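The opening residue of the sequence shown carries number 1 in the UniProt record's numbering; numbering runs sequentially from there. These notes concern the structure reproduced below.
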Amino acid sequence: DTTFFLFKGQSYEIRMLDNRKAGDIPEINGKLVKSIIRVVFHDRRLQYTEHQQLEGWKWNRPGDRLLDLDIPMSVGVIDIKTNPSQLNAVEFLWDPTKCTSAFIQVHCISTEFTPRKHGGEKGVPFRIQVDTFKQTENGEYTDHLHSASCQIKVFKPKGADRKQKTDREKMEKRTAHEKEKYQPSYDTTVLTECSPWPDTPTTFVNNSPTPAPTFTSAQHNTYSVPDSNSSSPNHQGDGTSQGSGELHPSATIQETQQWLLKHRFSTYTRLFSNFSGADLLKLTREDLVQICGPADGIRLYNALKSRSVRPRLTIYVCQEPLRSMQLERQEAGNGDSSNGAIYVYHAIYLEEMAASEVTRKLALAFNIPLHQINQVYRQGPTGIHILVSDQMVQNFQDESCFLFTTIKAENGEGFHIILK
Numbered sequence: 001d002t003t004f005f006l007f008k009g010q011s012y013e014i015r016m017l018d019n020r021k022a023g024d025i026p027e028i029n030g031k032l033v034k035s036i037i038r039v040v041f042h043d044r045r046l047q048y049t050e051h052q053q054l055e056g057w058k059w060n061r062p063g064d065r066l067l068d069l070d071i072p073m074s075v076g077v078i079d080i081k082t083n084p085s086q087l088n089a090v091e092f093l094w095d096p097t098k099c100t101s102a103f104i105q106v107h108c109i110s111t112e113f114t115p116r117k118h119g120g121e122k123g124v125p126f127r128i129q130v131d132t133f134k135q136t137e138n139g140e141y142t143d144h145l146h147s148a149s150c151q152i153k154v155f156k157p158k159g160a161d162r163k164q165k166t167d168r169e170k171m172e173k174r175t176a177h178e179k180e181k182y183q184p185s186y187d188t189t190v191l192t193e194c195s196p197w198p199d200t201p202t203t204f205v206n207n208s209p210t211p212a213p214t215f216t217s218a219q220h221n222t223y224s225v226p227d228s229n230s231s232s233p234n235h236q237g238d239g240t241s242q243g244s245g246e247l248h249p250s251a252t253i254q255e256t257q258q259w260l261l262k263h264r265f266s267t268y269t270r271l272f273s274n275f276s277g278a279d280l281l282k283l284t285r286e287d288l289v290q291i292c293g294p295a296d297g298i299r300l301y302n303a304l305k306s307r308s309v310r311p312r313l314t315i316y317v318c319q320e321p322l323r324s325m326q327l328e329r330q331e332a333g334n335g336d337s338s339n340g341a342i343y344v345y346h347a348i349y350l351e352e353m354a355a356s357e358v359t360r361k362l363a364l365a366f367n368i369p370l371h372q373i374n375q376v377y378r379q380g381p382t383g384i385h386i387l388v389s390d391q392m393v394q395n396f397q398d399e400s401c402f403l404f405t406t407i408k409a410e411n412g413e414g415f416h417i418i419l420k
């Protein structure tokens with residue numbers, strides 16, 4: 001198989017040609033077609049773990065893309081689109097009757113996917129694959145026309161020079177008979193026809209029941225996100241516990257997909273498309289890190305185990321009974337604690353050490369409309385009222401206990417809370 005050597009980050013032309021015979025596929029005459037260019041693994045073993053490999057690369061190279069289109073140098077390409085979750089693919093439309101060239105840049109060298117990186121390792125080969133589609137009756141480019149690919153290896157500039165020099169020296173030492181077994185070097189490579197990449201076209205077109213990533217135009221350098229109703233943490237799915245957000249072992253495949261979307265794991269819905277709740281819950285932390293990468297793997301593990309955020313501060317609060325009720329109890333019980341009021345405290349867990357967080361959590365715990373709370377005070381020496389500030393909250397002792405009462409605001413609108 002012919003191998004094409006590339007320099008990392010350098011632009012290389014892929015010339016798009018109409019190789020139809022006369023009369024072939026007349027329905028695309030005068031119409032645009034869509035091509036998807038990918039950098040994929042040549043090694044079948046790595047193809048099976050492509051998602052994990054690319055997630056690991058993404059973790060080590062945040063913000064980088066594996067494949068880019070050099071837009072200023074490209075000719076005849078229209079509606080160029082990239083997807084933040086598909087770092088190794090670009091797509092565009094083009095007219096087969098016009099001169100079209102797509103200049104690509106590969107930003108990953110072949111040794112970045114070798115297990116041990118001590119220098120001198122043999123880099124893994126990649127493939128450049130181009131899949132082309134025509135438009136269907138409903139206007140989507142999903143009808144496969146043609147696929148072609150070639151093997152590549154990507155080097156840093158100095159590494160490529162060394163590789164070419166070493167190969168020349170090896171070839172010079174071979175006999176004329178041995179040299180006949182090898183292909184000569186060419187300035188251009190003709191891509192060989194191949195079967196379409198298995199992910200096409202579902203990766204790029206939302207024709208499945210689960211939302212697919214949305215591509216946006218590369219010219220604007222902005223990206224659309226999946227529908228907020230499907231990815232928002234506040235979105236309530238069907239079939240999992242809505243109160244706790246837990247995934248149950250009895251969850252069906254569809255309910256598991258909804259749980260993944262609800263907890264912002266839409267990127268992995270296709271990967272776990274055949275997993276029930278029990279299947280997903282059987283995966284260990286190490287399994288999830290290997291499949292999803294360190295960041296999302298740990299996040300998914302914590303979500304599956306329903307691990308809540310550990311509060312930075314815990315306080316216990318009880319609403320003080322009315323003074324008249326207290327006096328009645330004191331008179332009836334004559335100081336006997338057995339007849340006194342039972343003070344029931346609510347635990348308030350603060351994720352933020354802020355006065356606004358105290359106000360919000362008090363409103364939630366005691367069913368008080370938040371907009372009616374004007375100020376929160378702490379009763380100080382000689383009964384003075386001290387405004388609760390962020391600094392005061394930061395100096396609360398963990399597991400402090402407070403009684404609180406309410407007084408009407410001076411303007412008659414709402415009330416103040418006093419912590420004692």
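The beta-carbon is built from N, C-alpha and C at its ideal position, and this holds for glycine as well. This structure is a prediction, so every number in the text was calculated from the model and none was measured.
Residue i versus residue j: straight-line alpha-carbon distance, rounded
i    : j    : result
I152 : D390 : 59 Å
Y301 : E399 : 29 Å
L54  : L17  : 30 Å
Q52  : S110 : 16 Å
Y186 : S11  : 17 Å
Q397 : T406 : 23 Å
T136 : E13  : 29 Å
Q379 : A303 : 40 Å
N29  : D95  : 9 Å
S356 : V388 : 9 Å
I128 : C150 : 6 Å
V39  : L69  : 12 Å
A278 : L260 : 14 Å
D287 : P125 : 26 Å
V393 : A354 : 6 Å
Y368 : L362 : Going by the sequence as given, residue 368 is Ile instead of Tyr. When rounded, the distance between both Cα atoms is 8 Å.
L67  : L280 : 32 Å
A212 : R270 : Interpretation of A212 is limited by its pLDDT of 36, a score under 50 that renders its predicted location unreliable; the figure taken from the coordinates is listed afterwards. When rounded, the distance between both Cα atoms is 9 Å.
A347 : R360 : 13 Å
D227 : E413 : Residue confidence for D227 is low, a pLDDT of 36 falling below 50, so the modelled location carries little weight and cannot support an answer.
L247 : F415 : 41 Å
Neighbour-count burial assignment, residue i, 16 or more Cβ in a 10 Å radius
i    : result
E91  : buried
N274 : exposed
D238 : Per-residue confidence for D238 stands at a pLDDT of 42, beneath the threshold of 50, marking its modelled position as unreliable; the derived number appears in the next sentence. By the neighbour-count rule (16 or more Cβ atoms within 10 Å), D238 is not buried but exposed.
T2   : exposed
L370 : exposed
H42  : buried
P209 : Because the pLDDT of P209 is 37, which lies under 50, any placement of that residue in the model is unreliable, and the question is left without a value.
D131 : buried
A89  : buried
R65  : buried
G297 : buried
Y343 : exposed
A251 : buried
L283 : buried
K165 : exposed
Best match in the options for proximity to residue i [C-alpha to C-alpha]
i    : options               : result
H263 : I291, K305, R285      : K305
N374 : P381, T382, V358      : V358
I78  : N88, L93, L403        : L93
T100 : Q257, F5, V33, K361   : V33
R310 : E351, Q257, V344      : E351
Y349 : Y377, E178, R312      : R312
K8   : H107, F103, V289      : H107
T189 : F5, E410, Y377, K408  : F5
G293 : E50, L281, E255       : E50
T382 : V376, N83, K420, N411 : K420
N83  : T97, P184, T267       : T267
E27  : Q105, K408, K134      : K134
K98  : R15, R299, A176, V344 : R15
A102 : E410, Y345, H144, I36 : I36
P196 : K165, A176, H146      : H146
P198 : H144, L247, Q257      : H144
K31  : L364, R162, G139      : G139
Identified DSSP bridge partners for residue i
i    : result
L69  : I104
C318 : L403
K408 : F415
T13  : Note that residue 13 is Glu in the sequence shown, not Thr. BP columns for E13 point to F103.
H146 : T132
H371 : None; H371 has no bridge partner.
L193 : This sequence places Glu at residue 193; Leu is not what is there. E193 pairs with A148.
F5   : K153
I36  : E91, D131
Residue i Cβ short of 8 Å to the ligand GTP heavy atom set
i    : result
R378 : Of ligands this structure carries none, so the ligand GTP is not represented either.
> Between the region 56–67 and the region 138–155, are three or more C-beta pairs nearer than 8 Å?
Replying inline: no
>> Quick check: the region 168–183 against the region 19–36, are at least 3 beta-carbon pairs closer than 8 Å?
In response: no
>> Within 8 Å, do at least three Cβ pairs link the region 43–50 to the region 68–81?
In response: no
>> Does the region 309–323 come into contact with the region 401–418, if we say contact requires no fewer than three beta-carbon pairs (one atom in each stretch) closer than 8 Å?
In response: yes
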